[in-house]
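**Q**
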Amino acid sequence: MSGRQKAATPRPPRLRRAIIALVTGLTLPLGVPATASASWTTADHPATTAVSSGTLTITETGFPALATTYTTAALSTTAPLTLTNTGSIPAPYVLRLAADDTPLSRATDVHVWLVPTRASCTAGATTSGSAATWTTVAALTGTLAPAATAVYCVRTSLTQAQRFALAGGRTAATAVVTATQGAWTSTARSSATQTVADTVTPGATTKVSETDDSITIAWTAPSDSSAITGYRVYRGSALVATVPASQRQFTDTGLNVSTYYAYTVRAVGSTAGAVSPESPGVLHATGWLTTTSAYSIRNVASQRCVVGASGSTVAGEDLVDTACAVRSDQLWKFVVDGSYLKISPLSSAALFWDSPSTRNAILRTTSNISAQKWEVVPIAPGSGTFLLRNRNDLCMDAAASPALRVTECTSSTAQQFTLHKGA
Numbered sequence: 079m080s081g082r083q084k085a086a087t088p089r090p091p092r093l094r095r096a097i098i099a100l101v102t103g104l105t106l107p108l109g110v111p112a113t114a115s116a117s118w119t120t121a122d123h124p125a126t127t128a129v130s131s132g133t134l135t136i137t138e139t140g141f142p143a144l145a146t147t148y149t150t151a152a153l154s155t156t157a158p159l160t161l162t163n164t165g166s167i168p169a170p171y172v173l174r175l176a177a178d179d180t181p182l183s184r185a186t187d188v189h190v191w192l193v194p195t196r197a198s199c200t201a202g203a204t205t206s207g208s209a210a211t212w213t214t215v216a217a218l219t220g221t222l223a224p225a226a227t228a229v230y231c232v233r234t235s236l237t238q239a240q241r242f243a244l245a246g247g248r249t250a251a252t253a254v255v256t257a258t259q260g261a262w263t264s265t266a267r268s269s270a271t272q273t274v275a276d277t278v279t280p281g282a283t284t285k286v287s288e289t290d291d292s293i294t295i296a297w298t299a300p301s302d303s304s305a306i307t308g309y310r311v312y313r314g315s316a317l318v319a320t321v322p323a324s325q326r327q328f329t330d331t332g333l334n335v336s337t338y339y340a341y342t343v344r345a346v347g348s349t350a351g352a353v354s355p356e357s358p359g360v361l362h363a364t365g366w367l368t369t370t371s372a373y374s375i376r377n378v379a380s381q382r383c384v385v386g387a388s389g390s391t392v393a394g395e396d397l398v399d400t401a402c403a404v405r406s407d408q409l410w411k412f413v414v415d416g417s418y419l420k421i422s423p424l425s426s427a428a429l430f431w432d433s434p435s436t437r438n439a440i441l442r443t444t445s446n447i448s449a450q451k452w453e454v455v456p457i458a459p460g461s462g463t464f465l466l467r468n469r470n471d472l473c474m475d476a477a478a479s480p481a482l483r484v485t486e487c488t489s490s491t492a493q494q495f496t497l498h499k500g501a
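Going by our numbering, the sequence shown runs without a break in its numbering and finishes at 501.
1. Considering only residues of the same chain and omitting the five flanking positions on each side of alanine 143, which have a CB-CB separation below 7 Å?
2. Which runs of the beta strand (DSSP E) at least 3 residues long sit entirely within the segment 355 to 385? Give them in chain order.
3. Would alanine 458 and valine 360 be called neighbours here (beta carbons separated by less than 8 Å)?
4. Do you know offhand how far serine 425's Cα is from glycine 332's?
5. So the candidates are Leu134, Thr146, His189; which of them puts its Cα closest to the Cα of proline 168?
6. Determine, for aspartate 330, whether the minimum Cβ-Cβ distance to residues of chain B falls below 8 Å.
7. Would you mind working out which of Gln381, Asp432, Ala379, Cys383 sits nearest valine 392, comparing C-alpha positions?
8. DSSP three-state label for arginine 491, please.
9. Quick check: what's the CA-CA separation for alanine 78 versus glycine 308?
10. Where does proline 194 fall in DSSP's three states?
11. Based on Cα-Cα distance, which residue from Phe328, Pro181, Thr162 lies nearest to alanine 288?
12. If you draw a straight line from the C-alpha of threonine 265 to the C-alpha of glycine 247, how long is it?
13. Would you report the Cα separation of alanine 225 and cysteine 199, rounded to the nearest angstrom?
14. Among all the DSSP beta bridges, which residues are the ones paired with arginine 483?
15. Spatial neighbours of alanine 270 within its chain, please: C-beta separation below 7 Å, excluding the five flanking residues on both sides.
16. If I measure Cβ to Cβ from aspartate 179 and keep anything under 8 Å in the same chain, skipping five residues before and after, which residues do I get?
17. Please list the terminal residues of the continuous beta strand (DSSP E) segment that includes alanine 239.
18. Locate the alpha helix (DSSP H) running through alanine 185, then write down its first and last residues.
19. Can you tell me which of the three DSSP states aspartate 407 falls into?
20. Grab me the residues of proline 358's own chain with a C-beta within less than 7 Å of its C-beta, minus the 5 sequence neighbours each way, in chain order.
21. Rounded to whole angstroms, what is the Cα-Cα separation between serine 348 and isoleucine 306?
22. Between which two residues does the beta strand (DSSP E) harbouring proline 423 extend?
23. Tell me the DSSP secondary structure of serine 448 in three-state form.
What follows is the structure, given as structure tokens:
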């Protein structure tokens with residue numbers, strides 16, 4: 079009886095396939111600009127794809143050409159953005175354009191449309207599709223066969239009004255394309271910086287001259303003045319003048335004595351709404367009071383003006399404050415008396431500020447006494463507010479408004495006054 083040998087047990091095919099999969103596993107090359115790839119080998123009997131092995135790689139070129147500086151003469155830029163499938167399998171992709179959330183990003187008009195070739199994307203090409211901005215442009219999708227390309231024409235632009243308003247603006251835009259196949263992805267990205275030339279903002283103002291109630295200022299034209307038709311002059315936040323482009327000087331009148339005012343200037347363009355950023359703000363001061371002008375004297379606390387109770391014409395009448403108006407009985411002149419000043423109503427040059435022992439403020443005829451000798455003391459340089467202090471070191475005070483008195487000087491607002499030229 080012959081013996082039978084036991085057949086050898088074959089090696090399971092599953093183990094062999096696992097070894098192959100391990101050897102041909104995923105590779106991801108690094109350090110290649112705007113390119114990424116993935117390669118793999120599928121199982122012998124894949125359930126959801128017919129691809130057995132391959133590489134997924136997508137590249138992007140051209141986006142950096144959108145870097146630009148917008149000027150009056152260059153309000154748009156156009157460049158082709160090319161996507162290429164350099165892998166060996168189809169590449170479904172998503173292209174996203176975006177930028178930093180800045181005023182320029184939110185204002186820039188962005189058009190993106192497919193073109194047959196890079197040569198079709200020119201500055202004169204007609205746009206297609208709806209406009210967006212860098213912050214609202216929609217994602218673009220498609221599928222590229224191996225070695226295929228897709229060319230998108232990208233145009234960004236500003237209006238002339240936006241160019242003025244956004245002078246000095248900046249944004250960093252990005253293009254990111256991602257191809258996906260199963261669990262694997264390939265991503266490429268690039269960037270472009272866009273700015274707006276700050277060449278339409280006027281130079282800071284300089285003071286040409288001043289008087290006790292006026293300031294004359296001047297400024298330099300911006301380097302890009304081709305589209306400028308005029309200038310707006312602001313005192314603080316108030317628009318005080320609009321002048322033609324040929325006039326780069328302005329005299330501001332009706333100001334308070336020895337007071338700082340801040341001035342800025344904006345250029346105005348020929349297009350509706352085209353207004354530049356403001357020039358750097360500069361403080362300029364009016365001059366000191368003169369003995370030839372007459373002034374209204376307004377209390378800071380009450381915002382009422384000094385007047386004689388009987389019309390500033392009667393000796394012995396009280397000084398009071400009342401609602402400010404354009405009236406001669408509210409105007410006062412300063413008369414030099416040695417190192418002091420006498421204060422006299424415009425309506426009666428023979429009367430002067432005085433105060434009896436009761437400290438009531440009154441008008442009297444001239445006398446060589448300390449109560450009629452006054453100093454105008456600035457609260458601070460250029461503040462435009464003053465203490466009116468007599469030689470007895472007592473200050474005019476409106477705390478008991480409408481009556482005026484002289485009291486110990488405290489620099490309270492009831493003792494602070496402004497001077498405004500009236501004649």
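All residues carry an ideal CB built from backbone N, CA and C; glycine is no exception.
**A** In short, the structure shows the following:
1. Ala157
2. 360 to 363, 372 to 377
3. no
4. 21 Å
5. Leu134
6. Of the protein chains in this structure there is only one, and it is not chain B.
7. Asp432
8. Correcting the residue identity first, residue 491 is threonine in this sequence and not arginine. Reduced to three states, the DSSP call for threonine 491 is helix.
9. For the chain, the structure presents residues 79 to 501; residue 78 sits outside this window and is missing.
10. coil
11. The sequence given here has glutamate at residue 288, not alanine. Among Phe328, Pro181, Thr162, the Cα nearest to that of glutamate 288 belongs to Phe328.
12. 30 Å
13. 21 Å
14. Asn438, Asp475
15. Phe141, Pro142, Leu144, Ala145, Ala251
16. Thr213
17. Here alanine 239 belongs to no beta strand (DSSP E); instead the alpha helix (DSSP H) covers 238 to 243.
18. 181 to 185
19. helix
20. Ala282
21. 6 Å
22. 418 to 423
23. helix
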